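Everything on this sheet refers to the single structure shown next.
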Amino acid sequence: MELTIENLGKRYGSIWALRQLSLAATPGMLGLVGPNGAGKTTLMRMIATLLEPTEGTIRWNGQDIRTHGDALRQVLGYLPQEFGIYREFSGRQFLRYLAAMKGLPKSIAHQRVDEVIELVNLEAVADRRLPTYSGGMKQRIGIAQALLNDPELLIVDEPTAGLDPAERVRFRTLLSSLTSNRVIILSTHIISDVEAVASRLVILQAGQMLADTSPEALLTSAVGKVWSVTTDQATATRLQAAYQVSMMVNQMNGVALHLISATRPHEAAVVIDPSLEEAYLLVTGQPAVLV
Amino acid sequence: MTTTALTGSRKQTQAIGRPNPLLAVLVWELRRFRASRLFWIQALCFFGLLLCVLWFEREPDTFSFHTFSAFVAGTSAWGLVELLPFDLLVLLVFLLPFVNADGVMRDLQRRTHELLMTTALPTQAYVWGRYLMGLLVSLGLALLLLVAILGTGLLLHLTITDYPAPAIGGVLMLWVGMVVPATILLSSVSFALGTLLPRQSTLVKIVILVAWFIGALILPSELRDNPTAPPAWYSAWDPTSAVTARGIIFQDRVAFTSVPPTSEAQLQQAMLTIENRLTDIGTWLVPHLVLAGLSLVLVVLAAFAFQRFRSALNG
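In the order they appear, the protein sequences are chains A and B.
Residue numbers for the first sequence, in our numbering: 1 to 291.
Residue numbers for the second sequence, in our numbering: 1001 to 1315.
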């Protein structure tokens, strides 16, 4: 069970959305992070056989998916960032429909649909029509459909969008429980999502891979480069203009800042343990989304 | 959300012994249509509209000789030749591009395309399943038209003195010769063009409807005042059947007016004889069926041209 990507590139007109990307993934969770427009969705759609690469190859178990797309789709579970529903169906009917499209025999499909409905905690509303679902429920239906065929390769693009904090935590736990016997690619711009579950991080920016590392290694690389200082408003504004700021809070005694810098940014600044967001910020040079 | 691990056997759930995928698509698409309230409301409105048109057009033509007069029954063969291409079929045609052209496009608009295209569903099963579902629904609407004709004809026969019962053979023949080929033709062309040009699906519908209206309503009206029959090839191959109908009506009128009646009873008898006969069916029935068959070639082309990799569709 191995996904291999070699020199992958995708061009829209004259703009490269992704360029020269190579990586290999084995069972486990790979967190794909990067700011909006980094090329995450483009990469996932190419892996999911929805987009044709401009250059490079994607192999699943050694077979090029351009010529063996059917073999990949047999074992693929895909949750797009945005997806539609059939308004005529209930949640259960929608999942049975997709189970049929995935080729599950009817006897297995019914059992399987019940399983995934339970897995995403939608038993109580499974027979309600889909238009009555909230955003979070709809997202859980999306997650459920991706799991219908017990996929070997599970691709989830921004899966926690629309979920409330409790649901997000439950979803991360669910994903963790699935990692043992499948390759999972989790794309997000919410660092805390991958921090909790991914053993490997790939950071993309402007179509380029900036880092292929582990959360621990990323944190280690940021040690000694994150500073905390509490100062007056004028100094805070000056520091904000000069350094990357990962946190800024107005307090009774001034403005508390977390600054990212290889050298001490202010005489009162003290080194603190970096968070993964700060380590990410150090790599990308852009603010992460803190949730 | 719970954290229960997946329990199903992976081999079982990964399309081992996959049932017929085309049948699966077809069955589920029909279930989807069946579950759509909007579709049933539209079908009911269509049926009601047909009944109204047939009721108000129950005597589409009348003839007078001195003090005698006779009418053509709207649900007779002659009456239907006057009504089908110009009224009833046009109503049906108005629906067909909307039922068929978006067979594939609807998934793109609703963003269900990505969910489907990442399953192991074979491309051909997806495309043909969508087409056949659209065709079945279209033929269902055509069947509704037949039911409306026969039902209204029977009702008129039971409620109006001297109104003839519908001649089932003649009605069926016209339905098979005019309605079924037109339904297949328009369903296929709409689906094929909608699939080949998914971003222009609205334009496809407009072009098809405008072309049909020109062929069924504008061109025949130009021929109406012409004292001679329309060209034989045009009558035979006209997909809208409107020019075909002009040819048949022309022949029927010549036959009816060639022997002046001497009594009202003789006039009615002559009308009954002529209004339920069908002249020269062979000259246009086969061409109409051939046109319907040819339209399937377009669907074959669209099915082969359809690609799962569609960079152009990532709106």
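Virtual Cβ for every residue (Gly too), placed ideally from N, Cα, C.
Quick caveat: nothing in here was measured; it's all calculated off a predicted structure.
Q: Return the residue from the list Leu50(A), Leu175(A), Gln251(A), Val283(A) that minimises the CA-CA distance to Asp212(A).
A: Walking along the first sequence from the start, residue 212(A) turns up at place 212. From the listed residues Leu50(A), Leu175(A), Gln251(A), Val283(A), the smallest Cα separation to Asp212(A) is found for Val283(A).
Q. Is the CB of Leu1030(B) under 9 Å away from at least one CB in chain A?
A. As a position in the second sequence, residue 1030(B) is number 30, starting the count at 1. False, the Cβ-Cβ gap to chain A never drops below 9 Å.
Q. Listed from N- to C-terminal order along the chain, which residues in the segment 1093-1120 of chain B have their beta-carbon within a distance smaller than 7 Å of any beta-carbon of chain A?
A. Residues Arg1110, Arg1111, Thr1112, Glu1114, Leu1115, Leu1116, Met1117, Thr1118, Thr1119, Ala1120.
Q. Tell me, which residues are paired with Thr1112(B) by DSSP?
A. Translated into the one-based positions of the second sequence, residue 1112(B) becomes position 112. According to DSSP, Thr1112(B) bridges with nothing at all.
(Q) Beta-carbon within less than 7 Å of Leu1022(B)'s beta-carbon, same chain only, minus the 5 sequence neighbours each way: which residues are those? (A) Numbered from its first residue, the second sequence carries residue 1022(B) at position 22. Only Ala1125, Trp1128, Gly1129 meet the Cβ criterion.
Q.
Between Leu30(A) and Arg200(A), how many whole angstroms is the CB-CB distance? I'm expecting something under 8 Å.
A. As a position in the first sequence, residue 30(A) is number 30, starting the count at 1. As a position in the first sequence, residue 200(A) is number 200, starting the count at 1. Their Cβ separation, rounded to whole angstroms, is 5 Å, which keeps Leu30(A) and Arg200(A) in contact under 8 Å.
Q | Burial state of Gly224(A), where buried means 16 or more other Cβ atoms lie within 10 Å | A | Locating residue 224(A) in the first sequence gives position 224, counting from the first residue. Using a 10 angstroms sphere on the CB of Gly224(A), the tally of other CB atoms stays under 16, which defines it as exposed.
Q: Answer yes or no: do Ser22(A) and Ile47(A) have a C-beta to C-beta separation smaller than 9 Å?
A: Position 22 of the first sequence, counted from the start, is the residue given in the question as residue 22(A). Position 47 of the first sequence, counted from the start, is the residue given in the question as residue 47(A). No, Cβ-Cβ distance for Ser22(A) and Ile47(A) is not below 9 Å.
Q) Between which two residues does the alpha helix (DSSP H) harbouring Leu1272(B) extend? A) Taking the second sequence and counting its residues from 1, the one referred to as residue 1272(B) is at position 272. DSSP places Leu1272(B) inside the alpha helix (DSSP H), whose first and last residues are 1264-1275.
Q | Minimum Cβ-Cβ distance from Ala100(A) to chain B less than 9 Å | A | Looking up residue 100(A) in the first sequence gives position 100. Taking CB atoms only, Ala100(A) has a neighbour in chain B less than 9 Å away.
Q: Leaving out five residues on either side along the sequence, give the residues of the same chain with a beta carbon under 8 Å from the beta carbon of Pro265(A).
A: Position 265 of the first sequence, counted from the start, is the residue given in the question as residue 265(A). Taking Pro265(A) as the centre and dropping the five residues before and after it, the same chain places the C-beta of Trp227, Val229, Leu239, Ala242, Tyr243, Leu259 closer than 8 Å to its C-beta, in chain order.
Q: Assign Tyr280(A) to one of three DSSP states: helix, strand, or coil.
A: By one-based count along the first sequence, residue 280(A) stands at place 280. Note: Tyr280(A) maps to helix in three-state DSSP.
Q: Compare the C-beta of Pro1166(B) with all C-beta atoms of chain A and state if any pair is closer than 9 Å.
A: For the purposes of this step, residue 1166(B) is taken as residue 166 along the second sequence, with counting starting at 1. With 9 Å as the cut-off, Pro1166(B) does not count as an interface residue toward chain A.
Q. What do you reckon, are the CB atoms on Ile17(A) and Gly207(A) nearer than 9 Å?
A. As a first step, residue 17(A) must be located in the first sequence, where it is residue number 17. As a first step, residue 207(A) must be located in the first sequence, where it is residue number 207. Residue 17(A) is actually Ala in this sequence, not Ile. In this structure, Ala17(A) sits near Gly207(A), with a CB-CB distance shorter than 9 Å.
Q: Using a threshold of 9 Å, state whether the C-beta atoms of Gly62(A) and Leu153(A) are closer than that.
A: One-based indexing of the first sequence puts residue 62(A) at position 62. One-based indexing of the first sequence puts residue 153(A) at position 153. For Gly62(A) and Leu153(A), no; Cβs fall outside 9 Å.
Q) By the criterion of Cβ-Cβ separation under 7 Å, what are the contact partners of Ser1036(B) in chain A? A) In the second sequence, the residue the question calls residue 1036(B) occupies position 36. Those within 7 Å of Ser1036(B) in chain A are Glu88.
Q.
Distance cutoff 9 Å, beta carbons only. Does Ala1024(B) sit that close to anything in chain A?
A. Mapped onto the second sequence, residue 1024(B) falls at position 24. By this cut-off, Ala1024(B) is an interface position.
Q: Leaving aside the five residues before and after Leu1219(B) along the sequence, list all residues of the same chain whose C-beta is less than 8 Å from its C-beta, in chain order.
A: Position 219 of the second sequence, counted from the start, is the residue given in the question as residue 1219(B). Once the five neighbours on either side are set aside, the close Cβ partners of Leu1219(B) are Ala1242, Val1243.
Q: Helix, strand or coil for Arg66(A), going by three-state DSSP, please let me know.
A: Here the question's residue 66(A) lines up with position 66 in the first sequence. Reduced to three states, the DSSP call for Arg66(A) is coil.
**Q.** Arg1110(B) beta carbon less than 9 Å from that of Tyr133(A)
**A.** The residue labelled residue 133(A) in the question sits at position 133 within the first sequence. The residue labelled residue 1110(B) in the question sits at position 110 within the second sequence. Not closer than 9 Å, so no.
**Q.** Distance between Ala222(A) and Ala1302(B) (C-alpha atoms, nearest Å)
**A.** Here the question's residue 1302(B) lines up with position 302 in the second sequence. Here the question's residue 222(A) lines up with position 222 in the first sequence. Distance between Ala1302(B) and Ala222(A), taken at the CA atoms: about 55 Å.
(Q) Which same chain residues end up closer than 6 Å to Met247(A) when comparing Cβ atoms and leaving out the 5 residues on each side of it in sequence? (A) Locating residue 247(A) in the first sequence gives position 247, counting from the first residue. Contacts found: His258.
**Q.** Residue from Gly84(A), Ala234(A), Pro151(A) with nearest C-alpha to Gly254(A)
**A.** Taking the first residue of the first sequence as 1, we reach residue 254(A) at position 254. If we check each option's Cα against that of Gly254(A), Ala234(A) comes out closest.
Q) Hey, out of Gln1268(B), Phe1256(B), Gly1074(B), Ala1305(B), whose CA is closest to Phe1068(B)'s CA? A) Taking the second sequence and counting its residues from 1, the one referred to as residue 1068(B) is at position 68. Of the candidates Gln1268(B), Phe1256(B), Gly1074(B), Ala1305(B), Gln1268(B) places its Cα closest to the Cα of Phe1068(B).
Q | Closer than 9 Å to chain B by CB, Thr188(A) | A | Position 188 of the first sequence holds residue 188(A). Taking a beta-carbon distance threshold of 9 Å, Thr188(A) does not count as an interface residue toward chain B.
Q. Below 8 Å, can you find three or more Cβ-Cβ pairs linking the segment 1163-1176 of chain B to the segment 1200-1208 of chain B?
A. In the pairwise beta carbon analysis, the segment 1163-1176 of chain B is classified as not touching the segment 1200-1208 of chain B: fewer than three pairs are separated by under 8 Å.
Q. In this structure, what does DSSP give as the bridge partners for Lys10(A)?
A. Residue mapping note: residue 10(A) aligns to position 10 of the first sequence, counting from 1. Note: Lys10(A) sits in a beta bridge opposite Leu18(A).
Q. Using a Cβ-Cβ distance under 9 Å, would Gln63(A) count as near chain B?
A. What you label residue 63(A) is simply residue 63 of the first sequence in a count that begins at 1. Closer than 9 Å: no.
Q) Quick one: what's Trp60(A) bridged to in DSSP? A) Taking the first sequence and counting its residues from 1, the one referred to as residue 60(A) is at position 60. In the DSSP assignment, Trp60(A) is bridged to Leu3(A), Gln63(A).
Q) Would Leu276(A) pass as a contact of Pro215(A) if the rule is Cβ separation under 9 Å? A) Within the first sequence, numbered from 1, the residue matching residue 276(A) stands at position 276. Within the first sequence, numbered from 1, the residue matching residue 215(A) stands at position 215. Contact check for Leu276(A) against Pro215(A) passes: the beta carbons are separated by less than 9 Å.
Q: Go through its chain and collect everything with a Cβ distance to Gln1323(B)'s Cβ below 8 Å, but skip five positions before and after it.
A: The first residue shown for chain B is 1001 and the last is 1315, placing residue 1323(B) beyond what the model contains.
(Q) Can you find the residues in the same chain that come closer than 7 Å, C-beta to C-beta, to Leu1272(B), ignoring five residues on each side of it along the sequence? (A) Numbered from its first residue, the second sequence carries residue 1272(B) at position 272. Contacts found: Pro1164.
Q) Using the C-alpha atoms, what's the distance from Ser1138(B) back to Glu1275(B)? A) Residue numbering aside, residue 1275(B) sits at position 275 when the second sequence is read from its first letter. Residue numbering aside, residue 1138(B) sits at position 138 when the second sequence is read from its first letter. Roughly 29 Å separates the two Cα atoms.
(Q) I want to verify the contact list: residues of chain A whose CB lies under 7 Å from the CB of Pro1316(B), in sequence order. (A) The shown model of chain B, from 1001 to 1315, leaves out residue 1316(B), and the question about it has no answer.
Q: Consult DSSP for Val289(A) and reduce its assignment to one of helix, strand or coil.
A: To locate residue 289(A), count along the first sequence from 1; it is residue 289. With a pLDDT of 43 at Val289(A), under the threshold of 50, the predicted position of this residue should be treated as unreliable, though the coordinate-derived value follows. The answer is strand: DSSP assigns Val289(A) an E or B state.
Q) What residues of chain A sit near Arg1308(B), judged by a beta carbon separation below 8 Å? A) Locating residue 1308(B) in the second sequence gives position 308, where the first residue counts as 1. The contacting residues are Thr49, Leu50, Gly69.
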